[in-house]
Each structure stands twice: as C-alpha cells, then as structure tokens.
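Here the sequence shown stands for residues 14 to 301, numbered as in the working numbering. Glycine included, every Cβ here is placed at the ideal spot set by N, Cα and C. Source: prediction; values computed, not measured. Contents: one structure, followed by commentary.
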Amino acid sequence: MVTGANKGIGLALVEGLAARMGPEDLVLLTGRDAGRVRDAAALVEKATGTRSLVEGRVLDVADAGAVAAMATELGERHGGVDIVVSNASALLTPDRPQAEQADEFIAVANGATHSILRSFGPVLRPGGRLIVVASTLGTLGHLDPWLQPLFDGASLDEVEKTVESWRAAVNAGTAQEQGWPHWLNVPSKVAQVAAVRAVAAQRRARDLPEGTLIAAVCPGLVDTPLSRPWFDDFSRALTPAQAARAVLDLVLSERADPKFYGELVRFGRVLPWHDGTPPRHQERMLIS
14 MVTGANKGIG LALVEGLAAR MGPEDLVLLT GRDAGRVRDA AALVEKATGT RSLVEGRVLD
74 VADAGAVAAM ATELGERHGG VDIVVSNASA LLTPDRPQAE QADEFIAVAN GATHSILRSF
134 GPVLRPGGRL IVVASTLGTL GHLDPWLQPL FDGASLDEVE KTVESWRAAV NAGTAQEQGW
194 PHWLNVPSKV AQVAAVRAVA AQRRARDLPE GTLIAAVCPG LVDTPLSRPW FDDFSRALTP
254 AQAARAVLDL VLSERADPKF YGELVRFGRV LPWHDGTPPR HQERMLIS
C-alpha cells in the first residue's frame with residue numbers, strides 16, 4: 014500500500030511496485046480524491062500491463078479512523094500487509110502565511126505518519142517493510158538545541174504531544190518565540206523521523222530476527238508541484254520515477270540491512286540522527 018499515490022513520487026512508487034512484483038501480488042494505490050485515484054490506477058494499469066493487480070482505494074490519511082479501518086480490513090482480508098509506504102503530503106506554499114497552512118499540512122504529514130505507524134504496524138507481516146517518506150531535514154540537528162530533547166528518545170505518544178504543542182504555537186503566532194523554525198517543513202520532517210524511531214525502538218527485538226524493516230527515507234530533491242514553489246534551480250532534481258528507484262530498491266531488497274532499521278536512509282546511506290544545522294531565522298531552507 015502506498016499513500017499519496019495519485020501523482021508524483023507516490024504514483025511512481027506504485028508503478029515500480031506493479032512492474033517489479035508478480036501477478037499474485039496486490040498493490041493498493043491510495044489517495045483522498047476518488048476521481049484522481051481512479052485515473053491514476055488506470056494509468057498504472059496501462060503503463061505496467063497489469064503485471065500485478067493494482068487497486069485504487071480512497072483513503073484520507075488525515076482521518077485516523079479511516080486509516081485504522083483500512084488496516085483492520087486488510088488484516089482480515091489478506092492476513093496482513095507486506096509493504097506500506099507512507100508518502101502523503103499537503104501542498105505548502107511561500108505566498109501564504111505559514112499559520113494559514115499549518116493545520117492541513119501537519120495533519121497530512123504528521124498525523125498521517127502517526128496513524129500509519131499505529132495502525133499498520135500491527136498488521137505488518139514478518140519480513141515486511143513500513144517506510145515513511147521524509148527528507149534530509151528530518152535529522153535532529155535542524156532544530157535549535159533546546160528543542161531537540163523533545164524528540165530525542167521520545168515515545169510515539171510524546172512525539173504526537175510535541176507536534177500538537179508546536180501546531181498550537183504556530184496558530185497562536187508564538188512558535189518562533191519558542192525557537193521553532195519558520196518553515197513548517199523543518200519540524201514536520203524531524204517529527205516524522207522521530208515517530209519512526211519511536212516505533213522502531215519498541216519493535217526492534219522482534220523485527221530484526223524476522224527481517225522486518227521500519228525506516229524513514231529521503232528520496233532527494235524531486236521535481237514535483239510540492240517542491241516547485243520553494244526552488245529556482247531544478248537542474249539536478251530527480252524525476253519522480255528516478256527518485257522512486259532508490260526507495261524501491263530498499264523496499265524490495267531480499268534481506269533488510271539491520272543498519273537501516275529505525276533510521277533515515279538516503280540513497281543507501283544512513284543519515285545520522287543528530288546531524289544538521291539549525292535554520293535559525295531563515296525564511297526558507299532547501300532540501301536535497
């Protein structure tokens with residue numbers, strides 16, 4: 014199952030999974046707009062020649078109840094899932110105040126990450142893959158030092174509580190006074206990786222012997238409508254299909270490398286959790 018899969022890297026991931034898996038496999042392409050989901054599934058079917066069965070499903074990842082219901086359904090219908098890629102993201106633009114965009118952006122990026130980890134972790138089959146698409150901004154060092162303890166070693170409940178506190182501060186106009194970066198994408202990505210690390214810490218002893226992988230991935234700078242508002246130079250950007258390849262290599266690897274477990278991975282390399290430079294008062298940060 015791939016979320017946020019009706020365009021961009023999510024669609025490329027579904028295309029790659031459908032092309033590289035067998036006719037007995039089912040790939041779920043999910044999104045919240047029924048028309049776009051239907052059109053995307055038809056596009057994948059045409060591109061891959063239905064090597065694998067691709068099924069479009071409407072799923073609003075900001076709705077924790079809907080996420081839980083789908084996880085329960087798939088557990089009962091198929092006995093579990095082998096691959097889950099949490100990829101959904103909301104559009105964030107520099108031409109509107111960050112506070113106006115905070116609720117939807119955080120609900121999709123972070124609320125969905127929490128829901129996917131909570132609901133799909135229990136139905137992930139032994140040897141499965143649960144992957145959260147994040148970015149290089151997800152390392153702890155991108156936050157000022159006094160904020161870092163809020164995420165370092167935190168449980169998923171604690172991460173969720175901190176995210177809600179940050180969101181409330183953004184809406185109240187006090188976030189920068191508290192040291193939070195102006196650009197929402199920075200704390201959001203750190204929180205995504207912290208959530209992955211929290212769940213991985215609880216499951217590590219059971220997952221590693223079974224070959225199960227839970228990790229966050231950075232696909233690099235990808236030329237999509239989500240990144241276009243923030244960058245001027247796309248000369249070195251990847252297409253969604255190019256970015257999906259490294260993620261698919263990780264997801265479909267025959268043996269999960271234990272060094273990737275619970276970490277943020279970029280092109281086959283672990284990005285150390287404590288790396289990064291605080292953005293201070295920059296208006297924007299580039300991701301790569």
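C-alpha gap between residue i and residue j, whole angstroms
i, j, result
"V57", "G93", "24 angstroms"
"S168", "A208", "7 angstroms"
"Q114", "W286", "27 angstroms"
"R297", "A185", "Since pLDDT at R297 reaches only 41, below the 50 mark, its modelled position is unreliable, and the value read off the structure follows with that caveat. If I take the Cα positions, the gap works out to 20 angstroms."
"L221", "P271", "7 angstroms"
"S99", "A188", "27 angstroms"
"I119", "V74", "11 angstroms"
"Q295", "G35", "Below a pLDDT of 50, predicted positions are generally treated as unreliable, and Q295, at 43, falls in that range; the measurement from the model is reported next regardless. Distance between the alpha carbons of Q295 and G35 is about 47 angstroms."
"E89", "T290", "45 angstroms"
"A257", "I22", "6 angstroms"
"W196", "Q161", "17 angstroms"
Which of helix, strand or coil DSSP assigns to residue i
i, result
"G224", "coil"
"R109", "coil"
"E68", "strand"
"D95", "strand"
"T85", "helix"
"G44", "strand"
"R279", "strand"
"A74", "It is Val, not Ala, that sits at residue 74 in the sequence shown. DSSP places V74 in coil when its eight states are reduced to three."
"L39", "strand"
"A204", "helix"
Buried/exposed call for residue i, threshold 16 Cβ in 10 Å
i, result
"Q111", "buried"
"R216", "buried"
"W159", "exposed"
"L104", "exposed"
"L265", "exposed"
Residue i: CB within 7 angstroms of a non-hydrogen atom of the ligand HEM
i, result
"A32", "This structure does not include the ligand HEM; it has no bound ligands of any sort."
Complete beta strand (DSSP E) runs within the region 107–193 (minimum length 3 residues, chain order)
137–146
Three Cβ pairs or more, each shorter than 8 angstroms: is that satisfied between the region 159–173 and the region 250–270? no
task = Indicate whether the contact test is met: 3 or more Cβ pairs, each with one atom in the region 151–167 and one in the region 189–203, closer than 8 angstroms.
result = yes
For the pair the region 39–58 and the region 122–138, tell me if three or more CB-CB distances fall below 8 angstroms. no
*Report yes or no: do the region 131–139 and the region 258–275 share at least 3 C-beta pairs separated by less than 8 angstroms?*
no
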